[in-house]
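These protein sequence lines are chains A and B, in that order. Offset between the first sequence (1-based) and this note's numbering: plus 122. Offset between the second sequence (1-based) and this note's numbering: plus 133. Just so it is clear, CB atoms sit at the ideal spot from N, CA and C, and this is done for glycine as well. No experiment lies behind these values; they were computed from the predicted model shown.
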Amino acid sequence: MKMTDHKGRPQVAVTGLGIVTSLGKGKSDNWAALTSGKSGIHSITRFPLDHLSTTIAGTVDFLEASDKGAGALTFQLADLAAAEAIEQAGLDGRIDAPLFLASPPVEIDWNARFALHAAGVEGEGCNRLLDAARRAENHDLFPASQFGTIAEQLARKYGVRGLPITLSTACASGATAIQLATEAIRRGECERALAIGADGSATAEALIRFSLLSALSTQNERPEKASKPFSKDRDGFVLAEGGAALVLESLDSALSRGAEILGIIRGCGERADDFHRTRSKPDGSPAIAAVSAAIEDAGMRPDEIGYVNAHGTSTPENDKMEHMSLSAVFGERIRHIPVSSNKSMIGHTLSAAGAVEAVFSILTMREGVIPPTINYDNPDPAIELDVVPNVARQASVSSVLSNSFGFGGQNTCLVMAREPV
Amino acid sequence: MSERDVLITGLGLVTCFGEGPEAHWSAITSGEAEPRLDSTRFAPYTIHPLPEIDWGRQIPKRGDQRQMETWQRLGTYAAGMALDDAGLKGDEEACARMDMIVSAAGGERDVEVDGAILEAARTREDRGVLVNEKLTTELRPTLFLAQLSNLLAGNISIVHKVTGSSHTFMGEEGSSIAAIQTAAARIRSGQSSHVLVGASFQTEHPDMLLGYDLGGFLEREGWRPLWSRDQGKGGGVVTGSAGVFLVLESRARAEARGQKAYAAIRNVVSGYADRPLGGLTAEITRMLADLELPSGPLLAISGASGAHEATTAERDALSAGGDIAVRGIAALFGHVKEAQFPLAVALAALCIANRSAVPPVETGVETLFDGVPERVLATTIGYHRAEGMALLEPA
Chain A
123 MKMTDHKGRP QVAVTGLGIV TSLGKGKSDN WAALTSGKSG IHSITRFPLD
173 HLSTTIAGTV DFLEASDKGA GALTFQLADL AAAEAIEQAG LDGRIDAPLF
223 LASPPVEIDW NARFALHAAG VEGEGCNRLL DAARRAENHD LFPASQFGTI
273 AEQLARKYGV RGLPITLSTA CASGATAIQL ATEAIRRGEC ERALAIGADG
323 SATAEALIRF SLLSALSTQN ERPEKASKPF SKDRDGFVLA EGGAALVLES
373 LDSALSRGAE ILGIIRGCGE RADDFHRTRS KPDGSPAIAA VSAAIEDAGM
423 RPDEIGYVNA HGTSTPENDK MEHMSLSAVF GERIRHIPVS SNKSMIGHTL
473 SAAGAVEAVF SILTMREGVI PPTINYDNPD PAIELDVVPN VARQASVSSV
523 LSNSFGFGGQ NTCLVMAREP V
Chain B
134 MSERDVLITG LGLVTCFGEG PEAHWSAITS GEAEPRLDST RFAPYTIHPL
184 PEIDWGRQIP KRGDQRQMET WQRLGTYAAG MALDDAGLKG DEEACARMDM
234 IVSAAGGERD VEVDGAILEA ARTREDRGVL VNEKLTTELR PTLFLAQLSN
284 LLAGNISIVH KVTGSSHTFM GEEGSSIAAI QTAAARIRSG QSSHVLVGAS
334 FQTEHPDMLL GYDLGGFLER EGWRPLWSRD QGKGGGVVTG SAGVFLVLES
384 RARAEARGQK AYAAIRNVVS GYADRPLGGL TAEITRMLAD LELPSGPLLA
434 ISGASGAHEA TTAERDALSA GGDIAVRGIA ALFGHVKEAQ FPLAVALAAL
484 CIANRSAVPP VETGVETLFD GVPERVLATT IGYHRAEGMA LLEPA
């Protein structure tokens, strides 16, 4: 077997997968729910809903850290996914390799701010928090104020080698983590890497912020029906939480230690958009360039892609733009390639989405089942796609394109394959 | 020499000493550099504040300026200066193929809105409802975008058209150590031909001070010399605001377009000591060994923060590491967090380019360096975690 790809770089194998979403913990629960078209979206119970125009989300409510704040929950989501992936890879709890963590920018939360404010004696408003910090007898709140904390907790627990990287490319972050890990292996800096995307930041403030940008669905009456990518009456994404981890490894290293090859990361492509902070360039050129770059990086032609795991957020703008970009790259053939959106069931897991959807993409190839786009009852006539409507489909899939697009002009695409070259 | 050597071909610098490489070089080599301080605005803390900046010089559209808070403006401004300095500003073809790695934390929260919520919470039990009520009515949508970590990079794409790739690393000093290390590795492997890398930090905001003092890291009784801060009562760190961006470019690309370089980055190393276990000095010593330092006297531009444990460990490791003349730049610029390592590397590059050392910042503690520095070390030992060093040489 060839250990290198068409550019002479080490082929990058996936040897471990882990996942947590609102559908459950672990691959088997998630896969069973996803392929039966089950939705994880529900009415929010974590915080009061007064004054909010959106009251639904795909929060992960069944973990110990679910009510402990965004930092604690993001860590636990990453931790559970990492443990599952490392175990599957047969690495006995220690990765001994670099970490690339996609996580939300987590600030000190409101509970901590209120507690600090109450402990302050002098000053008003935010200055009183500083007064409380000076008087504090311990530094218990300090870790939550540092952006490197979650990665450090993971690094110490799993034997990460070197300085871990925490990154954000907004809603493309999870895909970027996989890209950076893949590139590090290709450059020969490491034989193996751990890529994680985790996001437990569905707080009231996050919901309000996205609402102010008119990005969220307000179809609160039937939560499980709100996320409806590619439908005519889609009105925004559904905020959600999740975590996913992938153990990536040079094919050579994986085979020589007898690890099972779960899939291959064949190509990564990206292009930044310079048009607007939240809207993409009207001609779709950055997304088109990112899709094309990923396929080119994989050493493939567009007609070799068997399935598209869409970004498919269910916002009017994304789904339209994504359809246009795919049409530009695939031409007429796009109407016959299955294109489905996991977000119809799990919502938009933000910083985790690219990693969550990469895990589902690998499972799609391994299991020979394409998860559906649910809630496809009222197709958008302007979007002619085979969205695998409402019901999962048996199919032999040997390669997947997974798209991730984010605010700030972030466009990152991954091409994954079932078998090495 | 290799076609893929990593050259520094552009510098964008804004600190309390002003803007641009020349202004900084003359300030730090005049021998009379005095720290520029503000001890009243955030008393009892002292900060190194930003100078007056005419934002329009790098961010021409007022609409763009309005979409950003100071942190993003500062970074976008410094990035534009770096592109200008490298002769790449407005070169659409070059910028469209340019990679970008930005180090960032969160942006500035709205102090008025947060303050109003905190004050109202004194008399209300229903705090969850209070947060919803205030945020839904008083938060400005643009401010959310001004707070997103990756939107500094997003603004650089919009204003300067850098669109080859865009990555944002998070996590205090470690984020920019990883950013420069990754950018250099991309060039060395042939993956990138030119990369914009850097950060900005705006300390003039209570949350930015809170991020240090929740850990007890800040000085509270005015400024004192960097290397003796462990003798004071405070935590040792005096912060500053800065925007620092570098254009890194392969030798092949720089030479093909006849672009002069300040210096070459010979090597970048990073570390991640398990500090509670006491391994910091050993980790710094290991990094020095990995850099394969030249024999003889060496000039080091140190990013030491003043934080007691980290600064002591660095001083100990450097003094045991050979004949190293250290310059503690935080004494002049303050600690600029994500921008700390880019600043140390930028100043080291200026020493190489000018074939001259920076005089001691703290006479008596920092030793003289005679002659031309052929190699210059840049260090950043994080105040709490993460360690990095780069060794620079003439291009």
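Indicate whether residue i and residue j have their beta-carbon atoms separated by less than 8 Å.
i, j, result
"Val228/A", "Ala192/A", "yes"
"Leu221/B", "Ala227/B", "yes"
"Gly364/A", "Asp321/A", "yes"
"Ala366/A", "Val478/A", "yes"
"Ile468/A", "Gly162/A", "yes"
"Ala311/B", "Phe302/B", "yes"
"Ala317/A", "Ala294/A", "no"
"Gly153/B", "Gly531/A", "no"
"Phe222/A", "Ile287/A", "yes"
"Met231/B", "Leu329/B", "yes"
"Ala156/B", "Gly376/B", "no"
"Trp360/B", "Pro168/B", "no"
"Gly148/A", "Ala207/A", "no"
"Arg379/A", "Glu439/A", "no"
"Ile410/A", "Val461/A", "no"
"Ala315/A", "Leu276/A", "no"
"Ala279/B", "Glu471/B", "no"
"Gly454/B", "Ala437/B", "no"
"Gly307/B", "Gly515/B", "yes"
Does DSSP classify residue i as helix, strand or coil?
i, result
"Ser599/A", "This structure cannot speak to residue 599/A, because chain A is shown only from 123 to 543."
"Val481/A", "helix"
"Asp499/A", "coil"
"Cys312/A", "coil"
"Asn558/A", "In the structure as shown, chain A starts at 123 and stops at 543, and residue 558/A therefore has no counterpart that could be examined."
"Val292/B", "helix"
"Cys293/A", "strand"
"Thr372/B", "strand"
"Ser372/A", "strand"
"Ala299/A", "helix"
"Asp218/A", "coil"
"Glu167/B", "coil"
"Glu454/A", "helix"
"Ala277/A", "helix"
Residues in the same chain with beta-carbon distance under 6 Å from residue i, minus the five sequence neighbours each way, listed in chain order, please.
i, result
"Gly467/B", "His181, Val371, Thr372 and Gly373"
"Leu373/A", "Met125, Gln133, Ala135 and Pro542"
"Gly151/B", "Pro184"
"Asp423/B", "Val402"
"Lys347/A", "Asn497"
"Ile161/B", "Val491"
"Gln198/A", "Leu185 and Ala187"
Starting from the C-beta of residue i, find all residues in its chain whose C-beta is less than 7 Å away, skip the five residues before and the five after it, and write them out in chain order.
i, result
"Arg283/A", "Asp218, Ala219 and Pro220"
"Ser299/B", "Met233, Ala286 and Ser290"
"Val481/A", "Leu139, Ile141, Ala366 and Leu368"
So, for residue i: in the same chain, excluding its five sequence neighbours on each side, which residues have a beta-carbon less than 8 Å away from its beta-carbon?
i, result
"Lys366/B", "Arg353 and Glu354"
"Ile505/A", "Phe352, Asp441, Lys442 and His445"
"Gln268/A", "none"
* Go through the segment 207-259 of chain B residue by residue and report every complete run of the beta strand (DSSP E) that reaches 3 residues or more, in order. => 232-236
* Asked: Which runs of the alpha helix (DSSP H), 4 residues or longer, sit entirely within the segment 455-485 of chain B?
  -> 463-466
* Asked: Counting pairs of Cβ atoms below 8 Å between the segment 188-207 of chain B and the segment 237-256 of chain B, do you hit three or more?
  -> yes
* Can you find at least 3 beta carbon pairs, one from the segment 289-299 of chain B and one from the segment 379-389 of chain A, that sit closer than 8 Å? -> no
* **Length-filtered (4 minimum) alpha helix (DSSP H) runs lying within the segment 401-458 of chain B** => 413-423 and 441-453
* To do: Report yes or no: do three or more beta-carbon pairs, one from the segment 166-180 of chain A and one from the segment 391-407 of chain A, lie closer than 8 Å?
  => no
* **Inter-stretch contact at 8 Å, needing at least 3 Cβ pairs: the segment 238-247 of chain A / the segment 245-256 of chain B** => yes
* To do: Please go through the segment 259-335 of chain B and give each complete beta strand (DSSP E) segment of 3 or more residues, from N-terminal end onward.
  => 300-303 and 327-334
* **Any beta strand (DSSP E) of 3 or more consecutive residues that is wholly inside the segment 303-367 of chain A** => 314-321
* To do: Determine contact between the segment 404-419 of chain B and the segment 258-269 of chain B, defined as no fewer than three beta-carbon pairs at a distance below 8 Å.
  => no
* Asked: Considering only residues of the segment 364-433 of chain A, which uninterrupted alpha helix (DSSP H) runs meet the minimum length of 4 residues and lie entirely inside it, listed in chain order?
  -> 373-378 and 407-419
* Can you list, in chain order, the stretches of the beta strand (DSSP E) that have 3 or more residues and sit fully within the segment 507-542 of chain A? -> 521-528 and 532-539
* Asked: Would the segment 510-524 of chain A and the segment 420-440 of chain A be scored as touching if the rule is three or more Cβ pairs under 8 Å?
  -> yes
* Asked: Are the segment 325-344 of chain A and the segment 334-349 of chain B in contact at 8 Å, needing three or more beta carbon pairs?
  -> no
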